[in-house]
Amino acid sequence: MTGGTAAAGGLALAGYQAAFADTGTTTADTGTTTADTGTTTAGTGRTTTDTATTATSTASESSGACMTLMSSVTEGPYYLDGALVRKDITEGKSGVPLTLRLTVVDATDGCTPVPGAAVEIWHCDAWGYYSGYTTANPGGSAPAESEDGSTADDNTYLRGYQIANANGVVKFETIFPGWYTPRTCHIHLKVHTGGQKEDGTYEGGKVNYTGQLFFDDGIAEEIFTLEPYSRHSGSYTTLDNDMVYDGGGASSGLLTLKPVKKADPSKGYKGFLTLGIDPDAENTGAGSGSGGEGGGEGGTPPSGAPTGTPPSDAPSASASASS
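Using mature numbering (1 follows the signal peptide of the UniProt record, and there is no 0), the letters of the sequence shown correspond one by one to residues -21 to -1, 1 to 302.
Structure below.
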């Protein structure tokens, strides 16, 4: 880790209250990702993986039906402005490789692609630490973030943007995220339109969708037995006990996962999802958005909201970034 220890902070009190409002558990049917057919449905929380398509995208291709507009949820307590436009966001952080292929479509216009949409993601490392908030306790028993031995910048690792191509597709190279109490394994994301790449980051426009990506329980729990994940012990929250995932399958952010090598999870996974947005809507995830989309719950860290002095500046857009 480089770049110093970023203190846990950076959100105004009102932002914390919005992110942490109503931390009660939402019970849901856990999403199922079906492996050999490549479909994602709601119901059992089990994933199989031979083809790389979701149930909603399959419906679009086979019957002309369009997926349901996805509902925004909270951005959570660990968001930072100024993430870099880059495909590989790992910065040397160790973990099981994860390639994400996300497709942005206009759910209000027959699921046509949204070229030029900027997809922003951020997530914790294998031990549950977010860049910019490396002193926030992830819960359970975990080594300090500084013990991971990587050269990652404490302000920027596992954060980034990609710009959708003509087919609305973006790809990221990252690692399978760890977990923190009381949340299940997840990745945060925002979809922006109307802005542009500037000084290594994305500026302007508006946020159309704020959501989270989720993982099959069986796959996640198997990965958490591997190094370095196994060094973080404690009570893991499954999908059906998570306060944000509502059991809606792909429409709620459940990824279709395909192993790079069958029977060897350490080789990594590929994750696929189609994101159905309304390009005219705006929702930052910091509270109730326009168009009737709610903020949702963010998941309070085990010691409460992150504390300490906010980072002195946003992540540096001048840091090296890959396209």
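Don't be surprised by glycine CBs; every beta carbon is placed ideally from N, CA and C. Bear in mind the structure is a predicted one, so any value in this text is a computation, not a measurement.
Please name the residue in the options whose C-alpha comes closest to that of residue i.
i, options, result
"K66", "L77, P244, P56 and G228", "L77"
"D221", "I100, V149, T160 and G95", "T160"
"L179", "E124, Q141 and S120", "Just to set this straight, residue 179 is Gly in the shown sequence, not Leu. G179 has its Cα closest to that of Q141, out of E124, Q141 and S120."
"A62", "G197, K176 and T113", "K176"
"G197", "T163, E182, H211 and T69", "T163"
"P56", "V149, Y108 and E152", "Y108"
"residue 311", "L59, G226 and A97", "A query on residue 311 cannot be resolved here, the shown segment of the chain reaching from -21 to 302 and no further."
"P156", "L48, E200 and Y224", "E200"
"E261", "R80, A229 and G184", "G184"
"K240", "V75, V64 and G264", "V75"
"F151", "F251, P258, T47 and D259", "F251"
"P238", "G227, W101 and I202", "I202"
"S110", "M49, L59 and P122", "L59"
"G173", "G119, A143 and S50", "A143"
In this structure, how does DSSP classify residue i when only helix, strand and coil are distinguished?
i, result
"I202", "helix"
"R80", "strand"
"P92", "strand"
"N116", "coil"
"S42", "Note on S42: pLDDT 32, under 50, position unreliable in the model; the coordinate value appears next. Helix."
"D243", "coil"
"S85", "Residue identity differs from the one stated: residue 85 is Asp in this sequence, not Ser. In this structure, D85 counts as strand in the three-state DSSP scheme."
"D60", "coil"
"D127", "helix"
"D259", "coil"
"D196", "helix"
Grab the span of the beta strand (DSSP E) containing residue i for me, first residue to last.
i, result
"L236", "T235 to P238"
"I100", "A97 to W101"
"E177", "H165 to E177"
"K185", "T180 to F193"
"F251", "Y248 to I256"
"E152", "V148 to I154"
"Y215", "First-last for Y215: undefined, no H or E at that position."
"Y140", "R138 to I142"
Is residue i close to the ligand FAD? I mean its beta-carbon at under 8 Å from any heavy atom of the ligand.
i, result
"L234", "No copy of the ligand FAD occurs in the structure displayed, which carries no ligand at all."
Can you tell me the Cα-Cα spacing of residue i and residue j, whole angstroms?
i, j, result
"L205", "T87", "42 Å"
"V83", "K72", "27 Å"
"E99", "A242", "31 Å"
"D127", "G247", "19 Å"
"N146", "P92", "5 Å"
"V52", "T69", "25 Å"
"D132", "D104", "12 Å"
"G95", "D85", "12 Å"
"E54", "F193", "14 Å"
"Y208", "P117", "13 Å"
"S245", "R210", "15 Å"
"T130", "Y136", "10 Å"
"V158", "T253", "In the sequence as presented, Val is not what sits at residue 158; that position holds Trp. When rounded, the distance between both Cα atoms is 24 Å."
"T235", "T217", "17 Å"
"G213", "W106", "11 Å"
"T114", "C45", "43 Å"
"L81", "K249", "11 Å"
"C90", "L79", "20 Å"
Is there a Cβ of chain B sitting closer than 9 Å to that of residue i, yes or no?
i, result
"T130", "No chain B appears in the structure shown, which is made up of a single protein chain."
Item to check | Segment contact, 8 Å Cβ cut-off, at least three pairs: the region 185 to 195 with the region 162 to 170 | outcome: Touching, per the Cβ criterion.
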